[in-house]
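**Student:** Adding 418 to a residue's 1-based position in the sequence shown gives its number in my numbering.
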Amino acid sequence: MDREKRKPVAAADVFLAGLCVAGAAGCAVLRGWEGVANALTFAIDLIAQIAPIMLISMLMAAYVQVLAPHDRVSKWLGRESGLRGLLIAAAAGAIIPGGPWISFPLVLTLAVAGADIGALVAFLSAWAVIPISRLLVWEMPFLGGEFVLLRMLVSLPIPILAGLIARRIPLAIDPPGRSMAGVRDA
419 MDREKRKPVA AADVFLAGLC VAGAAGCAVL RGWEGVANAL TFAIDLIAQI
469 APIMLISMLM AAYVQVLAPH DRVSKWLGRE SGLRGLLIAA AAGAIIPGGP
519 WISFPLVLTL AVAGADIGAL VAFLSAWAVI PISRLLVWEM PFLGGEFVLL
569 RMLVSLPIPI LAGLIARRIP LAIDPPGRSM AGVRDA
């Protein structure tokens with residue numbers, strides 16, 4: 419592989435690899451090699467559980483990327499969409515169920531399809547702060563209606579404010595190696 423085409427190793431990857439080595443050393447010192455083997459077994463089991471979900475999520479995101487009408491995504495969620503785009507993105511983020519294996523591939527797809535940074539931040543902020551599915555399944559039964567209503571009312575502006583702030587920060591959206599233009603045109 420040509421040196422210029424190789425992806426550089428990210429500092430975060432090196433840091434995480436260092437944490438893994440430190441964790442393995444800690445397991446070996448405190449629990450012996452059996453502790454290391456137990457940790458590896460747990461990790462393999464976790465990967466086996468998560469891998470099918472990740473595969474399905476990535477396939478769904480790829481299908482959406484190929485089928486997403488970029489002109490419409492840009493119109494409704496692009497820089498020129500204004501407050502309307504932030505409201506749409508926040509509403510979508512609030513109603514999307516599931517964990518990060520659903521939302522992050524979708525955000526990547528929206529970014530490649532023409533959504534601006536403000537809409538992406540509003541989407542993820544709403545997904546994290548005002549998720550309707552979590553509200554119905556967890557918050558209402560455990561915390562009661564009054565508390566949940568109060569929390570939702572004070573949290574509603576957060577995704578919009580976050581999106582507005584994000585639009586003020588000069589940051590280009592450059593999803594790493596994720597252009598699907600050739601696939602869309604095929």
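Note that beta-carbon positions come from the ideal geometry of N, C-alpha and C, so glycine has one too.
Keep in mind it's a predicted model, so treat the numbers as computed, not measured.
Contact between the region 503-518 and the region 540-547 is defined here as three or more beta-carbon pairs at a separation below 8 Å; is this criterion met?
**Tutor:** yes
**Student:** Given this structure, state the Cα-to-Cα distance separating Leu505 from Leu582, to the nearest angstrom.
**Tutor:** 11 Å
**Student:** Under 9 Å, do Met558 and Trp519 count as touching if we go by C-beta distance?
**Tutor:** no
**Student:** Flag this pair as touching only if the region 558-575 and the region 525-540 have three or more C-beta atom pairs under 8 Å; answer yes or no.
**Tutor:** no
**Student:** Reducing DSSP to helix, strand and coil, say where Pro515 ends up.
**Tutor:** The answer is coil: DSSP assigns Pro515 none of H, G, I, E or B.
**Student:** Does DSSP put Met419 in a helix, a strand or coil?
**Tutor:** Interpretation of Met419 is limited by its pLDDT of 46, a score under 50 that renders its predicted location unreliable; no figure is taken from the coordinates.
**Student:** Measure the C-alpha to C-alpha separation of Ala442 and Ala466 and round it to an integer number of angstroms.
**Tutor:** 20 Å
**Student:** Alpha carbon to alpha carbon, how far is Ala455 from Leu448? Give it in angstroms, no decimals.
**Tutor:** Between Leu448 and Ala455, the C-alpha separation is close to 13 Å.
**Student:** Look at the Cβ atom of Leu477, then the Cβ atom of Ala507, and state whether they are nearer than 9 Å.
**Tutor:** no
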